[in-house]
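K.L.:
Numbered according to numbering that gives the first Met the number 0, the sequence shown spans residues 0 to 575.
Beta carbons are placed, not taken as given, at the ideal position from N, Cα and C, and that holds for glycine.
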Amino acid sequence: MANLTTSLVVLVLWLSLISYAYNVHATRMAHWPRGSSTRFYDFKIQTMKITKLCNTKELVTVNGIFPGPVIYAQEDDRIIVKITNETPYNTTIHWHGVRQRLSCWFDGPSYITQCPIQAGQTFTYEFTLVNQKGTFFWHAHVSWLRATLYGAFVVYPKPGVPYPFNYPYQEHILLLGEYYNKDVVQLERATIASGGNPPVTDAYTINGHPGPNYNCSNNDVYKIDVVPGKTYLLRLINAGLNSENFFAIANHKLTIVEADAEYTKPFTTDRVMLGPGQTINVLVTANQPIGKYSMAMGPYSSAKGAAFQNISAIAHFQYLGAVTNSVSLPAQLPSFSDNLAVKTVMDGLKSLNTVNVPKEIDANLFITIGLNVQKCQSKTPNQNCQGLNNGVMAASMNNISFIKPPISLLEAYYKKMNGSFTEDFPGVPLKFYDFVNGAPNNIPNDTQALNGTRVKVLEYGTRVQLILQDTGTVTTENHPIHLHGYSFYVVGYGTGNYNPQTANFNLVDPPYMNTIGVPAGGWAAIRFLADNPGVWFMHCHLDIHQSWGLGTSFIVKNGEGVLETLPHPPADMPRC
0 MANLTTSLVV LVLWLSLISY AYNVHATRMA HWPRGSSTRF YDFKIQTMKI
50 TKLCNTKELV TVNGIFPGPV IYAQEDDRII VKITNETPYN TTIHWHGVRQ
100 RLSCWFDGPS YITQCPIQAG QTFTYEFTLV NQKGTFFWHA HVSWLRATLY
150 GAFVVYPKPG VPYPFNYPYQ EHILLLGEYY NKDVVQLERA TIASGGNPPV
200 TDAYTINGHP GPNYNCSNND VYKIDVVPGK TYLLRLINAG LNSENFFAIA
250 NHKLTIVEAD AEYTKPFTTD RVMLGPGQTI NVLVTANQPI GKYSMAMGPY
300 SSAKGAAFQN ISAIAHFQYL GAVTNSVSLP AQLPSFSDNL AVKTVMDGLK
350 SLNTVNVPKE IDANLFITIG LNVQKCQSKT PNQNCQGLNN GVMAASMNNI
400 SFIKPPISLL EAYYKKMNGS FTEDFPGVPL KFYDFVNGAP NNIPNDTQAL
450 NGTRVKVLEY GTRVQLILQD TGTVTTENHP IHLHGYSFYV VGYGTGNYNP
500 QTANFNLVDP PYMNTIGVPA GGWAAIRFLA DNPGVWFMHC HLDIHQSWGL
550 GTSFIVKNGE GVLETLPHPP ADMPRC
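#1: Can you give the Cα-Cα distance for residue 134 and residue 494, rounded to whole angstroms?
#2: Please report the residue range of the alpha helix (DSSP H) in which residue 133 lies.
#3: On the CB-based measure, 16 or more other CB atoms within 10 Å of its CB, does residue 288 come out buried or exposed?
#4: Looking only at C-alpha atoms, which of 101, 218, 414, 403 sits nearest to residue 323?
#5: Between residue 207 and the rest of its own chain, which residues show a CB-CB distance below 6 Å, the 5 nearest in sequence each way excluded?
#6: Which residue comes first and which comes last in the beta strand (DSSP E) that contains residue 184?
#7: Could you check the C-alpha separation between residue 560 and residue 532 for me, to the nearest Å?
#8: Out of curiosity, what's the CA-to-CA distance linking residue 405 and residue 254?
#9: Can you find the residues in the same chain that come closer than 8 Å, C-beta to C-beta, to residue 123, ignoring five residues on each side of it along the sequence?
#10: Cα separation between residue 432 and residue 468?
#11: Within 10 angstroms of its Cβ, does residue 463 collect 16 or more other Cβ (buried), or is it exposed?
#12: Check for me: the alpha helix (DSSP H) holding residue 382 runs from which residue to which?
#13: For residue 373 versus residue 195, is the C-beta spacing smaller than 9 Å?
#14: Along the chain, where does the beta strand (DSSP E) containing residue 171 start, and where does it finish?
#15: On the three-state DSSP scale, how would you describe residue 342?
#16: Per DSSP, residue 78 forms a beta bridge with which residues?
#17: I'd like the list of long-range same chain contacts for residue 503, defined as Cβ closer than 8 Å, with 5 residues on each side in sequence excluded.
#18: Could you tell me the boundaries of the alpha helix (DSSP H) in which residue 542 lies?
#19: Quick check on residue 370: does DSSP put it in helix, strand or coil?
#20: Whose C-beta lies closer than 7 Å to the C-beta of residue 164 among residues of the same chain, with five residues either side of it excluded?
#21: Please report the straight-line C-alpha distance between residue 73 and residue 157, rounded to a whole angstrom.
#22: Going by the beta-carbon positions, is the gap between residue 169 and residue 232 smaller than 9 Å?
#23: Express the C-alpha separation of residue 171 and residue 226 in angstroms, rounding to a whole number.
#24: Would you grab the beta carbon distance between residue 448 and residue 399 for me? Rounded to a whole angstrom, and I think it's under 8 Å.
#25: For residue 435, count neighbouring Cβ atoms within 10 angstroms of its own Cβ and tell me buried if that reaches 16, exposed if not.
#26: Where does the unbroken beta strand (DSSP E) through residue 72 begin, and where does it stop?
#27: Do residue 202 and residue 216 come within 9 Å of each other at the CB atom, strictly closer than that value?
#28: Drop a sphere of 10 angstroms on the beta-carbon of residue 185, count the other beta-carbons inside from all chains shown, and report buried for 16 or more, exposed for fewer.
#29: Beta-carbon within less than 8 Å of residue 450's beta-carbon, same chain only, minus the 5 sequence neighbours each way: which residues are those?
#30: Return helix, strand or coil for residue 347, following the three-state DSSP convention.
#31: Do residue 472 and residue 438 count as a contact pair if the criterion is CB distance below 9 Å?
#32: Quick check on DSSP: helix, strand or coil for residue 105?
#33: For the alpha helix (DSSP H) that contains residue 162, what are its first and last residues?
#34: Using only CA atoms, which one of 375, 237, 518 lies nearest to residue 446?
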C-alpha cells in the first residue's frame with residue numbers, strides 16, 4: 000500500500016510538472032504559432048461605417064476590422080483562407096510576397112490568375128509557404144479596393160529556429176496606408192474617365208490612424224508603449240495606394256534586419272523609405288530619455304510637378320513613465336524629393352549571407368518603364384481628356400500599355416483559349432534613345448503608347464536578367480515594380496541610362512526582394528530563375544500607374560514531372 004501511495008504521489012507530481020511545462024510553453028508560444036501545420040482563416044469581405052477626418056463613410060474591409068486581421072503562420076505552413084464577398088464590389092485577394100510555388104491559381108490578381116469573386120460568391124485560397132518566412136501582407140487586387148482592404152501576414156521561422164539577431168523584447172506591426180474620404184472604387188472610375196491625374200490622398204495613416212496633424216484626429220493616434228532600455232522589432236509594411244513614404248522615429252536609430260521577407264545584414268539608419276508593396280523589419284532600442292517620441296510617415300514624391308499630400312501621419316513611441324498628455328518630440332523626415340536619402344538606404348541592403356545568384360543568363364531583357372500621354376479621341380474632351388495638353392494619361396512597359404483581358408490570363412493560357420492575349424511582348428524597347436534626358440516630350444504628339452495584352456513566354460528553368468529603365472517622358476519617377484510568383488536578386492541599380500560597360504553589379508550578397516524601387520531617372524537590374532510555372536504579373540505598385548497600364552505578364556511554361564507542372568485549377572474558381 001505504501002508503494003502504491005508513493006507511486007500515486009510521484010505520478011501526481013509528474014503530471015503537475017508536465018502541466019506546468021505545458022502552460023509555460025503555451026504562454027511563450029502564444030504569438031509563435033506551431034509550424035508544419037494547416038491554418039484556416041475565414042474572411043468575410045464587408046462594408047463598414049467609419050468616421051475619420053470629420054467625415055463618416057462606408058469602406059470595404061474584412062470581418063469588420065480596419066486594417067484587416069493579421070494572418071500568423073510559420074515557414075512551410077499550409078494556408079487556407081475562405082473568402083465570402085458580402086459587398087457589392089468584385090474582389091480578389093493577393094498574398095503579397097508569397098511565391099505561390101505550384102499554386103498560381105491562388106495568387107489573386109484580377110484577370111491575371113483569376114476572375115474576380117463577385118458579390119455574394121465565395122472562393123477558397125490554398126497555398127503553402129515553401130521556404131518562406133518574414134513580413135508579408137495581403138490586399139485586394141481589384142480596382143483601388145486595397146486602399147482599405149489589406150492586412151499584415153506574419154510568417155515565423157520553423158520551431159526552434161532563432162532569428163539571426165538578438166530576440167526583441169516585443170514585436171509590433173506598422174501598416175502604412177492612405178485614407179480617402181471618397182469611395183475609392185468611384186474615385187478610380189472617375190479618374191480613368193477624366194483622362195487626368197488622380198486626387199491626392201486625404202491622409203496618410205499608421206495602422207489606420209492619421210494622427211494629430213489632421214482635422215478631427217487628435218485622439219485618432221496609434222501608440223506603442225515601450226520600456227526604457229528594451230529593443231523592439233517593428234514590421235513596417237507600405238500598404239498605401241499611390242504614395243511612396245519616408246518613415247522615422249524621433250531621436251531613434253532604425254536597424255534594418257529584413258527587407259521583403261528576406262533577412263539582410265544589419266544596417267542602421269535614421270529613416271527608411273518604402274514604396275507601396277515593400278516591407279522592412281527594423282530593430283529600435285528605447286535608449287533615449289523618458290518621453291513621448293513621434294513616429295512619422297511622410298511623402299517621397301520624385302515625379303516633377305506631381306501633387307501629393309504633404310501632411311505627415313504621426314504615431315507615438317511612448318516610454319513608460321512619460322507624461323501622457325505631453326507634446327511628442329518631432330521626427331525629422333527628409334525633404335519630399337530627397338533621392339539621395341532613398342539611395343543611401345538601398346545602398347545598405349545586402350543579403351545576410353552569400354547567395355546563389357544566376358551567373359549565366361539565358362534571357363537578357365531590357366524594359367523601359369514610364370508615363371505616356373495619348374491623343375484625345377473623345378467627343379467630350381472637356382470631360383475625358385484632362386491629362387497634360389488635353390491628352391489622356393497612360394503608362395507603359397517598353398511603350399506598350401497593358402490592357403487586362405475580359406477573362407483570366409491564366410485560364411486562357413491553361414485552356415489554350417485563343418484571342419485573349421498575344422505572346423509578343425518585346426524583350427527590348429521598340430526604339431533606343433536617351434531614355435532619361437532625351438525622351439519624347441512633345442505632349443501628346445510623340446508620347447503615345449501602343450495598347451495590348453502582350454505577354455513574355457519563358458521556358459521552365461530560364462535564368463533571367465531584367466534591366467528596368469526609367470524614362471523621362473512626362474517625368475522621371477521612382478517606380479516600385481512588383482513581380483508576382485518570384486523574389487529576385489537586385490544585382491545593380493544606378494542613375495541615368497543603363498550602360499553595361501560601366502554598371503557595377505553585386506553578385507555576392509545582393510538583396511532578395513519582390514518589389515524594387517526603380518530610381519527616378521535611373522535603372523535597376525534584377526535576376527531570377529524562372530522555375531515556377533504559371534502566369535505572373537509584373538507591374539508598378541502605384542495603383543494609378545497600374546490602372547494606366549504600367550505592367551506586363553510572364554508565362555513560365557511547365558518543366559518535367561509533377562513538381563515542375565502547374566496543377567489543374569480548383570473546382571470553385573470564380574467565373575468572369
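P.N.:
On the basis of the coordinates in this document:
#1: For the purposes of this step, residue 134 is taken as the residue at position 135 of the sequence shown. For the purposes of this step, residue 494 is taken as the residue at position 495 of the sequence shown. Rounded to the nearest angstrom, the two C-alpha atoms are 29 Å apart.
#2: Start at 1 with the first residue of the sequence shown, and residue 133 comes out as number 134. Careful: residue 133 lies outside any alpha helix (DSSP H), inside the beta strand (DSSP E) at 133-139.
#3: Stepping through the sequence shown from its first residue, residue 288 is reached at position 289. Counting Cβ neighbours within 10 Å, residue 288 comes out exposed, since fewer than 16 surround it.
#4: In the sequence shown, counting from the first residue as 1, residue 323 sits at position 324. The option with the nearest alpha carbon to residue 323 is 218.
#5: What you label residue 207 is simply residue 208 of the sequence shown in a count that begins at 1. The residues are 65, 66.
#6: Numbered from 1 along the sequence shown, position 185 holds the residue referred to as residue 184. Looking at the DSSP string, residue 184 is not in any beta strand (DSSP E); the run it does join, the alpha helix (DSSP H), is 183-193.
#7: As a position in the sequence shown, residue 560 is number 561, starting the count at 1. As a position in the sequence shown, residue 532 is number 533, starting the count at 1. One alpha carbon belongs to residue 560, the other to residue 532, and they sit about 12 Å apart.
#8: Position 406 of the sequence shown holds residue 405. Position 255 of the sequence shown holds residue 254. Their backbone Cα atoms lie some 45 Å apart in a straight line.
#9: For the purposes of this step, residue 123 is taken as residue 124 along the sequence shown, with counting starting at 1. 79, 80, 81, 82, 569, 571, listed in sequence order.
#10: In the sequence shown, the residue the question calls residue 432 occupies position 433. In the sequence shown, the residue the question calls residue 468 occupies position 469. Cα to Cα, the separation comes out at about 12 Å.
#11: By one-based count along the sequence shown, residue 463 stands at place 464. Flag for residue 463 reads buried.
#12: Numbered from 1 along the sequence shown, position 383 holds the residue referred to as residue 382. Annotation: the continuous alpha helix (DSSP H) that includes residue 382 extends over 380-383.
#13: Stepping through the sequence shown from its first residue, residue 373 is reached at position 374. Stepping through the sequence shown from its first residue, residue 195 is reached at position 196. The answer is no: Cβ separation not under 9 Å.
#14: Residue numbering aside, residue 171 sits at position 172 when the sequence shown is read from its first letter. It spans 169-178 - the beta strand (DSSP E) in which residue 171 sits, taken as one unbroken run.
#15: One-based indexing of the sequence shown puts residue 342 at position 343. Helix, per DSSP.
#16: On the sequence shown, residue 78 is found 79 positions in, with the first residue counted as 1. Its beta-bridge partners are 38, 126.
#17: Along the sequence shown, one-based indexing puts residue 503 at 504. 491, 493.
#18: Taking the first residue of the sequence shown as position 1, residue 542 is located at position 543. Taken as a continuous stretch (DSSP letters only), the alpha helix (DSSP H) holding residue 542 covers 542-547.
#19: For the purposes of this step, residue 370 is identified with residue 371 of the sequence shown, where counting begins at 1. Strand at residue 370.
#20: One-based indexing of the sequence shown puts residue 164 at position 165. Excluding sequence neighbours, residue 164 sits near 256, 265, 282.
#21: Here the question's residue 73 lines up with position 74 in the sequence shown. Here the question's residue 157 lines up with position 158 in the sequence shown. Between residue 73 and residue 157, the C-alpha separation is close to 6 Å.
#22: The residue you call residue 169 lines up with position 170 of the sequence shown. The residue you call residue 232 lines up with position 233 of the sequence shown. Taking 9 Å as the Cβ cut-off, residue 169 and residue 232 qualify as a contacting pair.
#23: The count along the sequence shown starts at 1 and reaches residue 226 at position 227. The count along the sequence shown starts at 1 and reaches residue 171 at position 172. Answer to the nearest angstrom: the Cα atoms are 14 Å apart.
#24: Numbered from its first residue, the sequence shown carries residue 448 at position 449. Numbered from its first residue, the sequence shown carries residue 399 at position 400. Their Cβ separation, rounded to whole angstroms, is 6 Å, which keeps residue 448 and residue 399 in contact under 8 Å.
#25: Here residue 435 is taken as the residue at index 436 of the sequence shown, counted from 1. Counting Cβ neighbours within 10 Å, residue 435 comes out buried, since at least 16 surround it.
#26: Here residue 72 refers to the residue found at position 73 when the sequence shown is read from its first residue. Residues 70-73.
#27: Position 217 of the sequence shown, counted from the start, is the residue given in the question as residue 216. Position 203 of the sequence shown, counted from the start, is the residue given in the question as residue 202. Against a cut-off of 9 Å, the Cβ pair of residue 202 and residue 216 comes out as a contact.
#28: Numbered from 1 along the sequence shown, position 186 holds the residue referred to as residue 185. By the 10 Å Cβ count, residue 185 comes out exposed.
#29: The residue given as residue 450 occupies position 451 in the sequence shown. If we look at residue 450 and ignore the five residues flanking it on each side, its Cβ neighbours are 399, 400, 402, 548.
#30: For the purposes of this step, residue 347 is taken as residue 348 along the sequence shown, with counting starting at 1. In this structure, residue 347 counts as helix in the three-state DSSP scheme.
#31: Reading the sequence shown from its first residue, position 439 is the one you call residue 438. Reading the sequence shown from its first residue, position 473 is the one you call residue 472. Less than 9 Å divides the Cβ of residue 438 from the Cβ of residue 472.
#32: Taking the sequence shown and counting its residues from 1, the one referred to as residue 105 is at position 106. In the structure shown, residue 105 sits in a helix (DSSP, three-state: H, G or I).
#33: Mapped onto the sequence shown, residue 162 falls at position 163. First-last for residue 162: undefined, no H or E at that position.
#34: Within the sequence shown, numbered from 1, the residue matching residue 446 stands at position 447. Selected option, being the one with the closest Cα: 375.
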